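Visitor: Numbering (this note's numbering), first residue to last: 1 to 318.
The structure's right below; bear with me while I get my questions together.
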Ligand code: GDP
Ligand code: CA
């Protein structure tokens, strides 16, 4: 079975770990979000690709959900001693090595997709990890701070400001000019199932879908497309997805996210059992829906979520 998954960072990575347990024989291709990428200290940092790579490769800081395990911060404190920031972005010493290798390879002319493959040769994530594009795309957020309107990098909004001010708009800068990375459209066209994990619908899955050709390829693939809600009981499970949903005029409910993707794209949608009351409304909108436990408390529980998603895909196919 060939499965394609569109993934952000933590939500996507944790789901993938469950999926690999549930379907160990499957051939899984992950299309990763690169809209969160940021250049810091002259280095190209790809937080979502790295979260997937470290999580599936056994190098993730489990409690945090991002960054390396057993991390130290010597380089960061040396930079701070020179007065060089930003101090709000946590790059540890082990993590720095990944960004140095990536930046060096890009400077030597390799596209991000080839660099990601090279990095994955160390981590053996058990999936084929493709960036959504080799082109530069950066998610920016329009905000108003102390009466002044500004557009800031997504990481500044999310990590520095902790989404403490409303997002007025979310713009994947460069996406309209970007081309899907080599292998992306081919993987979609030859997939048996396409899954949207409980990743952020705006700044993770939404950004991937903003690369011209990807949404169309998914809609035209002619195979079941099934998603899992990142919103449980009208709130994001972690993070601040409600803030970016508001920016695109979508309520933070499992049903509103389903209709935001729409029945043209999505065939099936899993909501948590606490949202069982919305199943009828989602099905009335033309999306087959089931209510099952959706908290990724451990890998066994997450594997069961993946089995439910694959079962729903089979129902759609039938
Ligand atoms: P990020 O790039 O690290 O923000 O990660 P993703 O975009 O892949 O996932 C973020 C989303 O995952 C958030 O909107 C959370 O609500 C959702 N999420 C995190 N943990 C869980 C969980 O256990 N269950 C569900 N259903 N969603 C989760
Ligand atoms: Ca992310």
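In this text, a Cβ means the ideal position worked out from N, Cα and C, and glycines have one as well.
Given the structure is predicted, the values throughout are model-derived calculations rather than measurements.
Return yes when the Cβ of residue 56 is within less than 7 Å of the Cβ of residue 9, no when it is not.
Guide: To locate residue 9, count along the chain shown from 1; it is residue 9. To locate residue 56, count along the chain shown from 1; it is residue 56. No, the Cβ-Cβ distance between residue 9 and residue 56 is not below 7 Å.
Visitor: Quick check on the burial criterion: 16 or more other C-beta atoms within 10 angstroms. Buried or exposed for residue 317?
Guide: The residue given as residue 317 occupies position 317 in the chain shown. Exposed.
Visitor: For residue 180, which residues from the same chain have a beta carbon less than 7 Å from its beta carbon, with the 5 sequence-adjacent residues on both sides left out?
Guide: Position 180 of the chain shown, counting from 1, holds the residue named residue 180. So the qualifying residues of the chain are 132, 133, 211, 213 and 214.
Visitor: Does the beta carbon of residue 8 fall short of 6 Å from some heavy atom of ligand 2?
Guide: If you number the chain shown from 1, residue 8 lands on position 8. Residue 8: yes, Cβ under 6 Å from ligand 2.
Visitor: Pull up the DSSP beta-bridge partners for residue 269, would you.
Guide: Locating residue 269 in the chain shown gives position 269, counting from the first residue. Partner(s): 227 and 289.
Visitor: Can you find a heavy atom of ligand 1 that lies under 6 Å from the Cβ of residue 241?
Guide: Taking the chain shown and counting its residues from 1, one reaches residue 241 at position 241. Flag set: Cβ of residue 241 near ligand 1.
Visitor: Using a Cβ-Cβ cut-off of 7 Å (strictly less than) and excluding sequence neighbours within five positions of residue 170, which residues of its own chain qualify?
Guide: Position 170 of the chain shown, counted from the start, is the residue given in the question as residue 170. So the qualifying residues of the chain are 139, 141, 202, 203, 244, 247 and 248.
Visitor: Between which two residues does the alpha helix (DSSP H) harbouring residue 94 extend?
Guide: Against the chain shown, residue 94 aligns to sequence position 94. 93-107 is the span of the alpha helix (DSSP H), which, as asked, contains residue 94.
Visitor: Quick check for students: name the residue ranges of the beta strand (DSSP E) that lie wholly in the stretch 169-254, counting only runs of 3 or more.
Guide: 169-173, 193-196 and 225-228
Visitor: Exposed or buried, what is residue 1 when buried is set at 16 or more other beta-carbons lying within 10 Å of its beta-carbon?
Guide: Position 1 of the chain shown, counting from 1, holds the residue named residue 1. Classification of residue 1: exposed, given that the 10 Å Cβ count is below 16.
Visitor: Write down every uninterrupted run of the alpha helix (DSSP H) in the stretch 42-92 whose length is 4 residues or greater and which is fully enclosed by it, in chain order.
Guide: You should have 47-57 and 74-81.
Visitor: Is the beta carbon of residue 230 closer than 7 Å to that of residue 11?
Guide: For the purposes of this step, residue 11 is identified with residue 11 of the chain shown, where counting begins at 1. For the purposes of this step, residue 230 is identified with residue 230 of the chain shown, where counting begins at 1. Yes, they are a contact pair.
Visitor: Residue 319 by DSSP, collapsed to three states: which one?
Guide: A question about residue 319 goes unanswered here, because the residues of the chain that appear run from 1 up to 318.
Visitor: Of the choices 150, 135 and 53, whose alpha-carbon is the least far from that of residue 116?
Guide: Numbered from 1 along the chain shown, position 116 holds the residue referred to as residue 116. Closest option to residue 116, judged by alpha-carbon separation, among 150, 135 and 53: 53.
Visitor: Provide the residue span of the beta strand (DSSP E) that contains residue 138, from first to last.
Guide: As a working note, residue 138 is residue 138 in the chain shown. Element bounds for residue 138: 138-145.
Visitor: Using a 10 Å radius around the Cβ and a threshold of 16 neighbouring Cβ atoms, would you call residue 84 buried or exposed?
Guide: Your numbering for residue 84 matches position 84 in the chain shown. With fewer than 16 other Cβ atoms within 10 Å, it is exposed.
Visitor: Going by the C-beta, is residue 200 closer than 6 Å to any heavy atom of ligand 4?
Guide: In the structure on display, ligand 4 does not appear, and the ligands it does have are ligand 1 and ligand 2.
Visitor: Does the distance from the C-beta atom of residue 313 to that of residue 250 stay below 7 Å?
Guide: Mapped onto the chain shown, residue 313 falls at position 313. Mapped onto the chain shown, residue 250 falls at position 250. The answer is no: Cβ separation not under 7 Å.
Visitor: With three or more C-beta pairs closer than 8 Å as the rule, is the stretch 106-122 touching the stretch 181-191?
Guide: yes
Visitor: Whose C-beta lies closer than 7 Å to the C-beta of residue 98 among residues of the same chain, with five residues either side of it excluded?
Guide: Counting from one through the chain shown, the residue named residue 98 turns up at place 98. If we look at residue 98 and ignore the five residues flanking it on each side, its Cβ neighbours are 50 and 119.
Visitor: Give the straight-line distance between the Cα atoms of residue 158 and residue 66, rounded to the nearest whole angstrom.
Guide: Looking up residue 158 in the chain shown gives position 158. Looking up residue 66 in the chain shown gives position 66. One C-alpha to the other measures close to 14 Å.
Visitor: To the nearest angstrom, report how far apart residue 200 and residue 233 are at their CA atoms.
Guide: Here residue 200 refers to the residue found at position 200 of the chain shown. Here residue 233 refers to the residue found at position 233 of the chain shown. Answer to the nearest angstrom: the Cα atoms are 16 Å apart.
Visitor: Under 8 Å by Cβ, that's how I've got residue 15 and residue 306 pegged, so tell me the actual separation to the nearest angstrom.
Guide: Walking along the chain shown from the start, residue 15 turns up at place 15. Walking along the chain shown from the start, residue 306 turns up at place 306. With a Cβ gap of about 7 Å, residue 15 and residue 306 count as contacting.
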